[in-house]
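J.: As given, the protein sequences belong to chains A and B, one line each in that order.
Numbering follows the working numbering, in which position 113 of the first sequence is assigned residue number 114; successive positions increment by one, without gaps.
Numbering follows the working numbering, in which position 108 of the second sequence is assigned residue number 188; successive positions increment by one, without gaps.
By construction, the Cβ of each residue, glycine as well, lies at the ideal position given by its N, Cα and C atoms.
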Amino acid sequence: EPEVTQTPSHQVTQMGQEVILRCVPISNHLYFYWYRQILGQKVEFLVSFYNNEISEKSEIFDDQFSVERPDGSNFTLKIRSTKLEDSAMYFCASSVGLVTDTQYFGPGTRLTVL
Amino acid sequence: DQQVKQNSPSLSVQEGRISILNCDYTNSMFDYFLWYKKYPAEGPTFLISISSIKDKNEDGRFTVFLNKSAKHLSLHIVPSQPGDSAVYFCAASAHKAGGTSYGKLTFGQGTILTVHP
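#1: Which parts of the region 132 to 183 of chain B are runs of the beta strand (DSSP E), unbroken and 3 residues or longer, counting only runs that do not cross its ends?
#2: Tell me, please, whether the region 6 to 15 of chain A touches the region 31 to 41 of chain A by the rule of three or more beta-carbon pairs shorter than 8 Å.
#3: Indicate the three-state DSSP secondary structure (helix, strand or coil) for residue 85 of chain A in the structure shown.
#4: Would you report the Cα separation of residue 149 of chain B and residue 111 of chain B, rounded to the nearest angstrom?
#5: So which of B:122, B:104, B:96, B:97 has the shortest CA-CA distance to residue 88 of chain B?
#6: Determine the DSSP secondary structure at residue 62 of chain A, reduced to helix, strand or coil.
#7: Please list, in chain order, the chain B residues whose beta carbon lies closer than 8 Å to that of residue 13 of chain A.
#8: Based on the DSSP output, what are the partners of residue 95 of chain B in its beta bridges?
#9: Could you check if residue 172 of chain B is buried or exposed, using at least 16 other CB atoms within 10 Å of its CB as the buried criterion?
#10: Identify the continuous beta strand (DSSP E) that holds residue 23 of chain A and give its terminal residues.
#11: Could you tell me whether the Cβ atoms of residue 105 of chain A and residue 7 of chain A are closer together than 9 Å?
#12: Of all the CB atoms in chain B, is at least one closer than 9 Å to the CB of residue 49 of chain A?
#13: Between residue 129 of chain B and the rest of its own chain, which residues show a CB-CB distance below 6 Å, the 5 nearest in sequence each way excluded?
#14: Would you kindly work out how many angstroms separate the C-alpha atoms of residue 169 of chain B and residue 58 of chain A, rounded to a whole number?
#15: Please classify residue 121 of chain B as buried or exposed, where buried requires at least 16 neighbouring CB atoms within 10 angstroms.
#16: Grouping DSSP H, G and I as helix and E and B as strand, with all else coil, what is residue 100 of chain B?
#17: Within the continuous beta strand (DSSP E) that includes residue 70 of chain A, where are the two ends?
Here's what the structure looks like:
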């Protein structure tokens, strides 16, 4: 069964450093998403992406964040200058379209900012 | 952001019995609802969904009920199995015609289900 994959599974970085989290969505999916879950809190929407453009973003997704689909398979989330409060699980998700709306999630990347 | 609430942080049931997980929402624009199951150190796994044009959807042991007037949905698992023990998240999205949402899911806090053998 096709699945969303994410790398790395765990990323440790120093505050102020840039990180890139990588995702390979399911191959026939057209919509891509990033969510995060800070320990003990809800899963929160960050951004949705379609047709090489951001469709929607939350207030969390400020200028420090960017997304890109650099080739036909990868979908990346970049945090330019990490802060301690960026420590969280980051989940990538993808869906075929909006009508069906079932988003399939990857296993997550645990980001630890020291 | 309390648009989706799961008021029970945990639920414990005996194997073979019914598990009922509840979810309330406040945003009347939500028109699609999903339940996800999550194990530690894994991503949410899709279980079942329901559109606002329906009031029930069934898939094997899992049934989701939607009460739009009460802005309430529930997930029934019958019979419950020890392997069902996980965190269950309710999620909702809104994409009415002309709306600005592009599939953003709003999640509840989750309910930890423990099924005892």
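T.: Checking against the coordinates, here is how it stands:
#1: 136 to 139, 142 to 147, 152 to 157, 166 to 173
#2: The region 6 to 15 of chain A makes no contact with the region 31 to 41 of chain A, as fewer than three CB pairs between them are under 8 Å.
#3: Reduced to three states, the DSSP call for residue 85 of chain A is helix.
#4: 13 Å
#5: B:104
#6: coil
#7: By Cβ distance, chain B contributes nothing, its closest Cβ being about 16 Å from residue 13 of chain A, past 8 Å.
#8: When DSSP reads this structure, residue 95 of chain B sits in no beta bridge, so it has no partner.
#9: buried
#10: Unbroken beta strand (DSSP E) run through residue 23 of chain A: 20 to 25.
#11: no
#12: yes
#13: 114
#14: Straight-line Cα distance between these residues: approximately 21 Å.
#15: exposed
#16: Strand at residue 100 of chain B.
#17: Per DSSP, residue 70 of chain A lies in no beta strand (DSSP E) and is assigned neither H nor E.
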